[in-house]
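Let me begin by presenting the structure, written as structure tokens, before commenting on it.
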Amino acid sequence: MTGQPQRRAARRSRVVREGSTERRGWLSHGLAALAVSALGRALAGTMSLTTSAQPQAAERPVIIATGTTGTTDTPAQAGVAVASASTAGTVVGATETAPADRPLAADAFAARPSGVDTSRSQQLRQALAKERAAQRAEGLAKTSEEVTRAVRDQASKARQTQLDAAETQIQQNAVKLAWARQQRAIAARVAARKDVASATQTTTTTTTTPSTDPDSATIPSGGTAVAPVPGAVVGAHFGQYGLWSRYHTGLDFRAGYGTPIRAVLPGVVVYAGNSGDWSGNHIAIRHTGGVTTMSSHMSSMVVHAGQSVSAGQVIGYVGQTGRAFGPHLHFELYPAGVRYGDVYRAIDPAPWLRSHGLQTH
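Structural data, given as structure tokens:
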């Protein structure tokens, strides 16, 4: 009976000892696995830094050593060391002898020398350089385009300014040419009128000689009286005065320029010409009974002195020669014995015209 409790106690002690040993074994294996994982990551980082342009020496294998601490079935604490093949040292048991200047673990995590180009970094730099060159080329192209556009706009503005100035000059020249043509036309018209007037005066004055003996001329008689101009409309009566005349010595008949002027009664032309005074071109006709009628301001005359005329015969045309304000016929009447042109001895022609059956309006 006493032996059985001792056996149970020994069994429990062995179970407890085995459980403790088992727990220590699992802990050692877990720590070893963690160490292997960390070393694997370190080796992967180290290998990624190695390129074909920079060959590296072969890495030493990872050595995991275990030892006993007194009993054969208890694993010892794992010792882990990593070193490159180029690093001098000897692995003895669970450790490796490393050079005195650095530990073996530091050799695995040591930084690679900087400043050494690799093919990948070289390609990256070349790509970056090309990109920067392309950016500079694009910037230069944009700048060149902006400069070209500015120069083109400036040239267009300058061209438009030149065109505007040229158009203004053309318009000014056109105005000057039109003015010059107008002046030449006016001068030609004035010269033509002067030539016509000169020719008319020459043809009339060469044959106009006042009759020195009216009684010797044969004065035709008979016929019906005719109005000197169509309508016989009076614009100014005998004896009127104003700014245009101090004393009107006849009748002004309204008529347009070039209207034919006719002899009122038969008679003899005693004067046809221009004496250079107020009457301009004028004709004097002696009628039966010794009275004389005078028509003034004519544009032209078609009879001459000494010529016999009949009632209604055209003797000239309405004008405004002499001192006249617009074209009209100035008609005067001189009694027998009074020389024509003696204006202050002229008489009112209206009663004489009415006595011959002519009514003025």
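Okay, so the sequence shown: first residue is -10 according to my numbering, each after it adds one.
Where is the CB? At the ideal position from N, CA and C, for every residue including glycine.
Given the structure is predicted, the values throughout are model-derived calculations rather than measurements.
Three-way DSSP call (helix, strand, coil) for His18 in this model: Indexing the sequence shown from 1 puts residue 18 at position 29. His18 carries a helical assignment under DSSP once its states are collapsed to helix, strand and coil.
Within its chain, find whatever has a CB closer than 7 angstroms to the CB of Val298; leave out the 5 residues flanking it on each side and keep chain order. Counting from one through the sequence shown, the residue named residue 298 turns up at place 309. Correct list, in chain order: Ala252, Pro255, Gly256, Val258, Ile274, Val292, Ile304.
Using alpha carbons as the reference points, say which of Gly228, Ile159, Arg328 lies closest to Val280. Taking the sequence shown and counting its residues from 1, the one referred to as residue 280 is at position 291. It is Arg328 whose Cα lies nearest to the Cα of Val280.
Grab me the residues of Gln309's own chain with a C-beta within less than 8 angstroms of its C-beta, minus the 5 sequence neighbours each way, in chain order. Reading the sequence shown from its first residue, position 320 is the one you call residue 309. Contacts found: Tyr246, Gly269, His286, Ser288, Gly315, Pro316, His317.
Would a C-beta distance cut-off of 9 angstroms place Leu347 and Ala216 closer than the cut-off? Taking the first residue of the sequence shown as position 1, residue 347 is located at position 358. Taking the first residue of the sequence shown as position 1, residue 216 is located at position 227. The answer is yes: Cβ separation under 9 angstroms.
Short Cβ contact (9 angstroms threshold) for Pro338 with Phe227: Sequence index remark: in the sequence shown, residue 338 carries index 349 (1-based). Sequence index remark: in the sequence shown, residue 227 carries index 238 (1-based). Yes.
Local conformation of Pro249 per DSSP, three classes: Working through the sequence shown from its first residue, we reach residue 249 at position 260. Residue state, collapsed to three classes: strand.
For His345, count neighbouring C-beta atoms within 10 Å of its own C-beta (all shown protein chains included) and say buried if the count is 16 or more, exposed if not. On the sequence shown, residue 345 is found 356 positions in, with the first residue counted as 1. The residue is exposed, with fewer than 16 neighbouring Cβ atoms inside 10 Å.
Contacting residues, own chain, Cβ-Cβ under 7 angstroms from His271 (five flanking each side not counted): One-based indexing of the sequence shown puts residue 271 at position 282. Contacts found: Met283, Ser284, Ser285, Met287.
Residue of Ala21, Ile208, Pro340, Ala225 minimising C-alpha distance to Ala300: Here residue 300 refers to the residue found at position 311 of the sequence shown. Minimum Cα distance to Ala300 is reached at Ile208.
Using CA coordinates, which residue listed in Leu240, Arg334, Trp267 is at the minimum distance from Pro340? The residue you call residue 340 lines up with position 351 of the sequence shown. The shortest Cα separation from Pro340 among Leu240, Arg334, Trp267 belongs to Leu240.
Excluding the 5 residues flanking His350 on each side, which residues of the same chain have their C-beta closer than 8 angstroms to its C-beta? In the sequence shown, counting from the first residue as 1, residue 350 sits at position 361. Excluding sequence neighbours, His350 sits near Gly220, Ala221, Val222, Val223.
Alpha carbon to alpha carbon, what distance is there between Ala163 and His237? Here residue 237 refers to the residue found at position 248 when the sequence shown is read from its first residue. Here residue 163 refers to the residue found at position 174 when the sequence shown is read from its first residue. Those two C-alpha atoms are separated by around 50 angstroms.
Just reading off the beta strand (DSSP E) that Ser344 is part of, what are its end residues? Position 355 of the sequence shown, counted from the first residue, corresponds to residue 344. Segment 338 to 344 is the alpha helix (DSSP H) holding Ser344; no beta strand (DSSP E) there.
Buried or exposed by the 16-neighbour rule on C-beta atoms within 10 Å, applied to His18: As a position in the sequence shown, residue 18 is number 29, starting the count at 1. So His18 ends up on the exposed side.
Please classify Val140 as buried or exposed, where buried requires at least 16 other C-beta atoms within 10 Å of its C-beta. Counting from one through the sequence shown, the residue named residue 140 turns up at place 151. Burial call: exposed.
With a cut-off of 8 angstroms on the beta carbons, I'd call Ala335 and Leu322 a contact; round off their distance for me. Indexing the sequence shown from 1 puts residue 335 at position 346. Indexing the sequence shown from 1 puts residue 322 at position 333. With a Cβ gap of about 6 angstroms, Ala335 and Leu322 count as contacting.
In this structure, how does DSSP classify Asp331 when only helix, strand and coil are distinguished? Against the sequence shown, residue 331 aligns to sequence position 342. It is coil, neither helix nor strand.
Residue nearest to Tyr260 in terms of C-alpha spacing, selected from Lys131, Gln296, Arg125: By one-based count along the sequence shown, residue 260 stands at place 271. For Tyr260, the closest C-alpha among the options Lys131, Gln296, Arg125 is that of Gln296.
Residue ranges of each beta strand (DSSP E) within the segment 241 to 313, 3 or longer: 249 to 251, 256 to 263, 270 to 275, 281 to 290, 303 to 307
Can you give me the C-alpha to C-alpha distance between Leu113 and Ala122, rounded to a whole angstrom? For the purposes of this step, residue 113 is taken as residue 124 along the sequence shown, with counting starting at 1. For the purposes of this step, residue 122 is taken as residue 133 along the sequence shown, with counting starting at 1. If you take the alpha carbons of Leu113 and Ala122, they lie about 14 angstroms apart.
Contacting residues, own chain, Cβ-Cβ under 6 angstroms from Gly311 (five flanking each side not counted): What you label residue 311 is simply residue 322 of the sequence shown in a count that begins at 1. Excluding the 5 residues flanking it on each side, Gly311 has same chain C-beta neighbours closer than 6 angstroms at Trp267, Ser268, Gly269, His286, in chain order.
List the DSSP bridge partners of His350. If you number the sequence shown from 1, residue 350 lands on position 361. By DSSP's assignment, His350 forms no beta bridge with any residue.
Candidates Gly262, Ala214, Gln229, Gly278: closest to Arg378 by CA position: Here the chain has residues from -10 to 350 only, and residue 378 is not among them.
Using beta-carbon positions only, say whether Gly330 and Met290 come within less than 9 angstroms of one another. For the purposes of this step, residue 330 is taken as residue 341 along the sequence shown, with counting starting at 1. For the purposes of this step, residue 290 is taken as residue 301 along the sequence shown, with counting starting at 1. When the beta-carbon positions are compared, Gly330 and Met290 stay at least 9 angstroms from each other.
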